[in-house]
Amino acid sequence: MPESGATERADRSFFNRDPVVVARRLLGQRLVRRYRGIRTSGIIVETEAYLGVADRAAHTYGGRHTRRNRSMWNIGGHAYVYFVYGMHCCMNVVAGRAEQPVAVLLRALQPEQRMDTMHRRRSAARRDVDLCSGPGKLCQAMAIDRRLDGVDMVSDNRLFVELLRRRQLPTRTIAVGPRVGVDYAGEWAQEPLRFAIAGNAHVSRPRPEAGNS
DNA sequence: CCCGTGATTTAT
DNA sequence: TAAATCACGGGG
C-alpha cells in the first residue's frame, strides 16, 4: 500500500464530542473503505451536522427510536447508513456522548485511492468530480450500503477514518451554509449546519459560500 | 424541471 | 392495512 503507515486512525474520543465540532474536524480527513480486497479512499470535503432530539431535520427528532435510526442511538464512532428514495444510501458518522442521537452526514469526498474502481461502480459518472460529489454518490463509489449500518468505525477494518491533520482546518477555509434537502424542517432548515472545504471542486451543489465562519 | 424507486414511517 | 414521505441522482 502507498500509505506511510504513520497515519493515525480516528479513535473514540474523536467522535465523542459535539456533532458540529466533529463535522468541522472531519473536513480534510480520509475515509477508507475496504471491500473484496480493494481499498478505496477519499478526503472528506463536505459534511452536515444533525443535532438529534431537538433538530427537526434529524431522524431522531422528538426522541424517535425506530428500526431505521437504531444505530444513531449508538455511541460515537459508529456508522449510521440508511436507504432512501428507493435507490440510494447515505452514510453518517455517529457523534456525541452516549444516548445523544446526533450524527454527521458525509456529503462529499475528493476521491483519492482506486478511482478506477469508483468509476466502475458508478458508470453514470463521466468525470472524477462526479464520483463522490453527493451523499448517495459517495456511498455508491465506496461500496457503502446497509450492510455497514451499525459498524464501529473505531475498530472495524472495513470502514474507518484516518486523521491526516490533528487540528481543524482554519476557520476561514471552511464554507458554511444551510443543510440540503431538509425544507420540511421549518426553521431548522436554515441553520448553518453544512460545512465544506471552500473552493474544493468535489463539493456538491449548491455550494455553500466561503467567508462564513 | 421532473421523475424513478421502494423501504420506512405514519395515518387509519 | 394503506397512504405518504423521503438527509437523492440522473436526464431533459
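The first sequence: position 32 = 41 (this note's numbering), numbered continuously. Virtual Cβ for every residue (Gly too), placed ideally from N, Cα, C. Fair warning: this is a prediction, and the values are worked out from it, not measured in the lab.
Check whether the Cβ atoms of residue i and residue j sit closer than 9 Å, and answer yes or no.
i, j, result
"C3", "G51", "The first residue shown for the chain is 10 and the last is 222, placing residue 3 beyond what the model contains."
"M127", "L115", "no"
"T49", "A152", "yes"
"M81", "Y94", "no"
"V41", "L168", "yes"
"Q149", "H97", "yes"
"R39", "L173", "yes"
"L60", "A205", "no"
"F92", "D165", "no"
Nearest to residue i by CA position, among the options, is which residue?
i, options, result
"Y193", "R203, R155, R65 and H97", "R65"
"G85", "A133, T56, D20 and G208", "D20"
"A210", "E55, F23 and V191", "E55"
"D139", "R33, S22 and R214", "R214"
"A117", "R43, K146 and R130", "K146"
"W229", "R156, A58 and F92", "Absent from the model: residue 229. The displayed extent of the chain is 10 to 222, so no value can be given."
"V113", "F23, A32, D154 and S22", "A32"
"P179", "V30, R156, G46 and F24", "V30"
"L157", "R43, F24 and R18", "R43"
"F24", "H87, Y70 and I47", "H87"
"I53", "P201, G143 and A219", "G143"
"G46", "R123, A133 and T182", "R123"
When DSSP labels each residue in this structure, what does residue i get in the three-state scheme?
i, result
"D158", "coil"
"I47", "strand"
"E200", "coil"
"R130", "helix"
"Y94", "coil"
"R116", "strand"
"C141", "coil"
"G61", "helix"
"T180", "helix"
"M151", "coil"
"R73", "coil"
"R42", "strand"
"G186", "strand"
"R34", "helix"
Since residue i and residue j are thought to touch, with beta carbons under 8 Å apart, how far apart are those beta carbons, to the nearest angstrom?
i, j, result
"G159", "N78", "Not a contact, Cβ separation roughly 11 Å."
"M162", "V102", "7 Å"
"Q177", "P187", "Not a contact, Cβ separation roughly 21 Å."
"T16", "E121", "Incorrect: roughly 12 Å between the Cβ atoms, too far for contact."
"A107", "P28", "With 8 Å as the limit, A107 and P28 do not qualify as a contact, their Cβ atoms being about 14 Å apart."
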